[in-house]
Amino acid sequence: MSSAGIQKLFCGIYSTFKCSFDEFVGEKVFSPSYSSAILAPVLQEDSLPSELPGNLGRVDQVSEFEYDLFIRPDTCNPRFRVWFNFTVENVKESQRVIFNIVNFSKTKSLYRDGMAPMVKSTSRPKWQRLPPKNVYYYRCPDHRKNYVMSFAFCFDREEDIYQFAYCYPYTYTRFQHYLDSLQKRNMDYFFREQLGQSVQQRQLDLLTITSPVLR
Numbered sequence: 013m014s015s016a017g018i019q020k021l022f023c024g025i026y027s028t029f030k031c032s033f034d035e036f037v038g039e040k041v042f043s044p045s046y047s048s049a050i051l052a053p054v055l056q057e058d059s060l061p062s063e064l065p066g067n068l069g070r071v072d073q074v075s076e077f078e079y080d081l082f083i084r085p086d087t088c089n090p091r092f093r094v095w096f097n098f099t100v101e102n103v104k105e106s107q108r109v110i111f112n113i114v115n116f117s118k119t120k121s122l123y124r125d126g127m128a129p130m131v132k133s134t135s136r137p138k139w140q141r142l143p144p145k146n147v148y149y150y151r152c153p154d155h156r157k158n159y160v161m162s163f164a165f166c167f168d169r170e171e172d173i174y175q176f177a178y179c180y181p182y183t184y185t186r187f188q189h190y191l192d193s194l195q196k197r198n199m200d201y202f203f204r205e206q207l208g209q210s211v212q213q214r215q216l217d218l219l220t221i222t223s224p225v226l227r
């Protein structure tokens, strides 16, 4: 798709697009509604950390409402750039923005078939999927014909920090809680011991799952 075509698509989105929150099963979730708003810059000079959050390698502000995001390659393999997980703060209420993940390495993606990035915020910690109609995956001539995933979003609470991810993150903390729960069950065939620590001082577990007589 050409740059002009993409721009036309997003102009159509921004003429009506706004994101709000509804109540759902006791949780606040993201859902689409419609309004108009004046856009302010989503990132300010003094708000950019020396080390970008998550796995962002670089952020370029394209315009008042658009940002190009460059994700770092996967560990030990510079050819693959797929996963992303980053936070955004210093936003304005009713502020609309377009994020372009510009250096994907995959030629095919489920984003073409209705998949959408995940989002949550500090006041609404439940992960929710963005509306698929506001997500586009295409080959962009402006970025050396790399594949780009673009999505539109509207922030609604200035005090919140927003987090976006490729899909539901399975965190180290969550995994440790799961291993703790297994260990507390005292199962004969499950044995856990600490093998060492990572460079970031995280525990490295050695799990043995077998018959007790073979352990």
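Under the numbering used here, the first residue of the sequence shown carries the number 13, and numbering increases by one thereafter.
Don't be surprised by glycine CBs; every beta carbon is placed ideally from N, CA and C.
Between which residues of its own chain and F167 is the CB-CB distance below 6 Å, once the five residues before and five after are set aside? V103 and Q107
My assumption, with CB atoms under 8 Å, is that E105 sits in contact with R169. Please give the rounded CB distance. 7 Å
Let's see if you can read the secondary structure: which residues bound the beta strand (DSSP E) around T185? Here T185 belongs to no beta strand (DSSP E); instead the alpha helix (DSSP H) covers Y184 to K196.
Quick one: using the 10 Å Cβ neighbour count with 16 as the cut-off for buried, is S135 buried or exposed? exposed
Would you list the one or two residues that DSSP bridges to T134? Its beta-bridge partners do not exist; DSSP assigns none.
Proximal residues to R70 (C-beta, below 7 Å), its chain only, five neighbours per side dropped: F82
Would you call the CB atoms of Q209 and L219 closer than 8 Å? no
If you follow the beta strand (DSSP E) that I221 is in, where does it begin and where does it stop? Q215 to I221
Give me the residue from K120, R84, S117 and F77 with the minimum Cα distance to Q110. For clarity, residue 110 is Ile in the given sequence; the question names Gln instead. For the residues K120, R84, S117 and F77, the minimum Cα distance to I110 belongs to F77.
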